[in-house]
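Residue numbers (the UniProt record's numbering): 59 to 478.
Even glycine gets a Cβ: it sits at the ideal position worked out from N, Cα and C.
Please read all numbers here as calculations on a predicted model, not as lab measurements.
Have a look at the structure below before the remarks.
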Amino acid sequence: ALFVHGKREARRRRLSSKALPPRPIELRSDEIVPGVSGLIGNTPLVRINSLSDALGVEILGKCEFLNPGGSVKDRVALRVIEDAESRGLLHPHTGSVLFEGTVGSTGISLATVGKAKGYEAHIIMPSDVAIDKVLVLERLGATVERVPPVSIVDQNQFVNLARRRAHEFGNVDLPTKGKATEEDVVVSTQATREDVYGTPTQAHRLAYDKKPRGFFADQFENDANFQAHYHGTGPEIARQTGGHVDAFVSGAGTGGTISGTGVYLKEAVPGIQVVLADPEGSGLYNKVRYGVMYAPQESEGTKRRYQVDTVVEGIGINRITHNFELGEAVIDDAYRITDVEAVAMSRYLVANDGLFLGSSSACNLVASIRLAKTLPAGSRIVTILCDSGARHQTKFWSDEYLANHGIAIDAGIIDKILKE
Ligand code: PMP
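Dropping the structure here:
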């Protein structure tokens, strides 16, 4: 017994070794949060040491991959659901189903927050999205439909199909303004966006009893997406930096992040620049730079409509969504980022910082270092680390996939940009 005691003593002494001071306890939250929804938001900002040290400009990443559903979209899912509940459009534990067209992150967030709040999720995705996200959705008990990637004018395009599926399930659009009686509550595909998102009235509430409903989350057009960032991401960044931030860099898929965060930061931080990171094939870069989706030199000649054809998932689009429009006026500039650059950045960050990130985060950081080179030393840039690399294993993080698509993996490109 003495021997055992002696061993234990030795271990205890080792553990309390003075060689390393104890880490100060810094909790993300000192509360016990009431359920999984309470884990959403209030994400830390991390200094990206390799890039910041090389540039003399501080690059800070907002760690959205730490949200419980693994991405920035948890904020949107929560706000969309709570907004619909406050309008009386959704009642929990009634068998109601959330429908959405998504490249994945929003689906995973709706499935996660849905389960936490008493809803099912039915997710429609283009078939070329990384299978990793489909597997996560299935584990979360969501229904997943994969459809061919086609243009938005096609009625079977993933967003259009999600809207239709919600109707088929028994979604009831809000009655047209001015004749909001219970009898007017008919399935209507004619409702305007003001009808759907306008001020809730008693009649609106009457329209939605506690029957199972299909609810189309509509992240591209639904203001709740913008609001999630205007009331969450934006104020958090302003508080975390004490207003000492010179630029905000973000990609845009629906536009919710850049618009909601950008508009808030423009109001709160005088002189801040808002900059778009856009992947190849997206029209947003041209929209910001030239005011049209197709740059003059691109629309002349071939007149070909650009396809968003990139290994980057979640950002880049060829139409102006309502959520992008809400913040378009605050975007000062845009950078177009190639697949090769995004891939290089993702590998560079693992090698130098131990950060394993998804493709849109990598795009944001390439745009951030390009922007940093135009700013005075000591400036500070905040960008979004949207999700982790874990759900991009079979495309963006697959050497085989990249080789088959002729995309080079060369982290040295980042060193070259840093030294340019
Ligand atoms: N990154 C990822 C991984 C995404 O899924 C999305 C959403 N499509 C974005 C970035 C873009 O965010 P937003 O829709 O707010 O423009």
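Of the candidates L384, V303 and A392, the residue whose Cα lies closest to the Cα of R347 is A392. With respect to S417, E371 sits close: the two C-beta atoms are nearer than 7 Å.
DSSP links C121 through a beta bridge to L443. With respect to G320, F382 sits apart: the two C-beta atoms are not nearer than 7 Å.
One Cα belongs to A296, the other to D304, and the distance between them is close to 11 Å. The straight-line gap separating the alpha-carbon atoms of S154 and I182 is approximately 17 Å. DSSP lists P337 as the bridge partner or partners of I395.
Setting aside the 5 residues that flank it on each side, V194 is surrounded in the same chain by I166, each with a C-beta closer than 6 Å to its C-beta; the list follows chain order. The count of Cβ pairs closer than 8 Å, one atom from the region 156-164 and one from the region 174-193, reaches three, so the stretches are in contact. Distance from the CA atom of K65 to the CA atom of E89, rounded to whole angstroms, is 38 Å. By the beta-carbon neighbour count (other beta carbons within 10 angstroms, threshold 16), S419 is buried. Only residues of its own chain outside the window of five on either side were considered, and among them D190 and K191 have a CB closer than 6 Å to the CB of R449, listed in chain order.
Between the C-alpha atoms of L118 and L103 there is a straight-line separation of about 6 Å. At the C-beta level, G272 and F227 come within 7 Å of one another.
F273 is bridged by DSSP to L156. Residue environment for G99: buried (at least 16 other C-beta atoms within 10 angstroms of its C-beta). Considering only R81, R394, R222 and A275, the residue with the shortest C-alpha distance to E140 is A275.
Assigned with DSSP and collapsed to three states, R405 falls in helix. For S418, no beta strand (DSSP E) segment is defined; the enclosing uninterrupted segment is the alpha helix (DSSP H) at S417 to A430.
For H180, the three-state secondary structure derived from DSSP is strand. Between the alpha carbons of S317 and E67 lies a gap of roughly 58 Å. In the three-state reduction of the DSSP assignment, F454 falls in the coil class, being assigned neither a helical nor a strand state.
Residue burial is scored here from C-beta neighbours: K453 has at least 16 other C-beta atoms within 10 angstroms and is therefore classed as buried. Of all alpha-carbon atoms in G93, V205, Q213 and A224, the one lying nearest the alpha-carbon of V171 is that of G93. Relative to ligand 1, even the nearest heavy atom lies 6 Å or more away from the CB of C121.
The C-beta distance from G309 to L334 rounds to 7 Å, short enough to fall under 8 Å. Y406 and I472 have their C-alpha atoms some 7 Å from each other. Taken atom to atom, the span from the alpha-carbon of A179 to that of V130 is near 18 Å. Only residues of its own chain outside the window of five on either side were considered, and among them H450, T452 and K453 have a CB closer than 6 Å to the CB of A188, listed in chain order.
Here D397 is buried: its Cβ has 16 or more other Cβ atoms, across all protein chains shown, within 10 Å. At least one heavy atom of ligand 1 lies closer than 6 Å to the C-beta of A310. The region 279-336 is shown to contain whole alpha helix (DSSP H) runs of 4 or more residues at 281-286, 292-299 and 314-326, in chain order. Less than 7 Å separates the beta-carbon of I442 from that of N422. Going by C-alpha positions, G412 is about 15 Å away from V401.
Distance check between L415 and each of L323, W455, S87 and R428 places W455 closest, using alpha-carbon atoms only.
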